[in-house]
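Only one structure is covered here, and it is reproduced in the block below.
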Amino acid sequence: MSVRTSEYLVFDQVTKRFGDLPVVDPPVTLVIPRGQFVVFLGPSGCGKTTLMRMSGGLDQPSSGVIRLEGEAVGAPDQRRGMVFQSYSSFPWLTVGQNVAFGMRYRPDLTTEEKKRRTQHYLDLVGLAEFANAFPNRISGGMRQRVAIARTLAAGSEVLLMDEPFGALDAQRREQLQVELRRIQSEEAKTVIFVTHDVEEAVFLADRIIVFSRRPARILDDIDVNAGLGAERTLALRDSEPFFRMKTDILHKVRATLGTEHT
Ligand SMILES: Nc1ncnc2c1ncn2[C@@H]1O[C@H](COP(=O)(O)OP(=O)(O)OP(=O)(O)O)[C@@H](O)[C@H]1O
Ligand SMILES: [Mg+2]
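Here you go:
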């Protein structure tokens with residue numbers, strides 16, 4: 001692996017404070033190779049969204065730098081697609097138009113191709129029959145699916161996903177986890193995915209970074225593929241190695257959080 005490939009997305013000594021409140025400290029250093037699926041796992045309020053916002057260029061570190069292919073991340077950029085915890089779609093566009101909007105900076109795609117992709121991702125998230133509905137007529141979970149479809153349709157190289165499946169029912173959530181993992185491996189996307197759900201983390205990740213309670217620091221860096229291999233199927237979920245890894249991580253997380261609830 002070349003240096004360039006193995007140092008695709010780099011957090012270099014990153015800290016963040018809001019006024020007097022340290023949110024990321026001591027400095028976080030993390031090197032993410034191209035094509036890796038990284039899950040940030042950490043308790044509520046520890047600073048996960050803050051880290052994502054900085055990766056996306058929506059916020060700047062207080063010190064240190066985040067680099068994508070050697071270049072400091074500045075303003076939001078089409079190469080990085082973001083899905084956040086709560087999403088507001090454009091109310092004046094239909095569901096289909098909201099999904100297509102993600103491809104507005106893709107002159108390489110023909111109108112036909114954009115239509116095809118819109119349809120494909122609407123199908124994928126189960127919203128095909130709502131293509132012509134306006135966002136105020138669908139549920140919050142459905143709006144979240146619009147956001148997911150829009151980001152996937154845009155075809156960004158890096159997907160920054162902040163608890164994107166939190167509002168979905170269990171079955172849709174599992175389905176999208178399988179699908180996201182498939183898209184990521186087929187299209188060699190680099191993904192940072194935030195969750196506080198250990199099972200979701202183990203199922204999706206090549207690698208899990210476990211963060212402490214605020215201020216966020218790295219507690220553990222787990223190579224999931226070493227234990228489970230790279231292929232993820234629904235059957236894997238019921239397997240013993242999967243269960244063991246999930247339990248190990250749960251115990252670690254509990255131990256570091258002590259008895260307090262988060
Ligand atoms: N713009 C801001 N100004 C001041 N404080 C902020 C700001 N953004 C976040 N914080 C604080 O930083 C801390 C970390 O917030 P953040 O949203 O990153 O946590 P999180 O890990 O994403 O939590 P959750 O799991 O609940 O989504 C919180 O205490 C939050 O109140
Ligand atoms: Mg958050």
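Heads up: the sequence shown begins at 1 in my numbering, then just goes up one per residue.
Every residue gets a Cβ at the ideal spot worked out from N, C-alpha and C, and that includes glycine.
Between the C-alpha atoms of residue i and residue j, what's the straight-line distance to the nearest angstrom?
i      : j      : result
Gln171 : Thr29  : 36 angstroms
Asp206 : Ala131 : 34 angstroms
Asp248 : Asp238 : 16 angstroms
Glu179 : Leu122 : 13 angstroms
Gln184 : Asp20  : 38 angstroms
Phe90  : Met142 : 14 angstroms
Leu41  : Met245 : 14 angstroms
Ala255 : Leu51  : 23 angstroms
Thr94  : Val31  : 39 angstroms
Val158 : Ala128 : 25 angstroms
Thr151 : Pro22  : 31 angstroms
Gly70  : Arg173 : 34 angstroms
Gly227 : Ile208 : 12 angstroms
Leu109 : Ile148 : 19 angstroms
Arg106 : Gln78  : 9 angstroms
Phe193 : Val83  : 9 angstroms
Arg80  : Gly56  : 7 angstroms
Asp59  : Arg17  : 11 angstroms
Gly96  : Ala153 : 11 angstroms
Asp162 : Asp221 : 19 angstroms
Thr49  : His251 : 24 angstroms
At what residues does the beta strand (DSSP E) containing residue i begin and finish?
i     : result
Arg80 : 80–83
Sort out for me which residues DSSP pairs residue i with in a bridge.
i      : result
Ile192 : Val38, Leu160
Phe130 : Phe130 pairs with nothing; no bridge assigned.
Thr15  : Ser63
Asp221 : Ile209
Val125 : DSSP output for Val125 lists no bridge partner at all.
Ser10  : The residue you asked about is not Ser; residue 10 is Val in the sequence shown. Paired residue(s): Val31, Arg67.
Ala72  : Arg67
Ala216 : Val24
Give the range of the alpha helix (DSSP H) segment to which residue i is assigned.
i      : result
Thr29  : Taken as a continuous stretch (DSSP letters only), Thr29 belongs to no alpha helix (DSSP H), being part of the beta strand (DSSP E) at 21–32.
Thr50  : 48–55
Phe101 : 95–101
Ala153 : 140–154
Ser201 : Going by the sequence as given, residue 201 is Ala instead of Ser. First-last of the alpha helix (DSSP H) with Ala201: 198–204.
Ala170 : 170–186
Leu234 : 234–237
Distance cutoff 8 angstroms, beta carbons only. Does residue i sit that close to anything in chain B?
i     : result
Val23 : Chain labels in this structure do not include chain B; a single protein chain is all it has.
Cβ contact (3+ pairs, closer than 8 angstroms) linking the stretch 62–73 and the stretch 127–147: no
Three CB pairs or more closer than 8 angstroms across the stretch 160–171 and the stretch 102–120: no
Three or more C-beta pairs below 8 angstroms linking the stretch 193–205 and the stretch 12–26: no
Cβ pair count under 8 angstroms reaching 3, the stretch 184–201 against the stretch 30–42: yes
Cβ contact (3+ pairs, closer than 8 angstroms) linking the stretch 210–218 and the stretch 43–55: yes
Contact shell at 5 angstroms, judged by CB to any heavy atom of ligand 1, ordered along the chain: Phe18, Val23, Ser44, Gly45, Cys46, Gly47, Lys48, Thr49, Thr50
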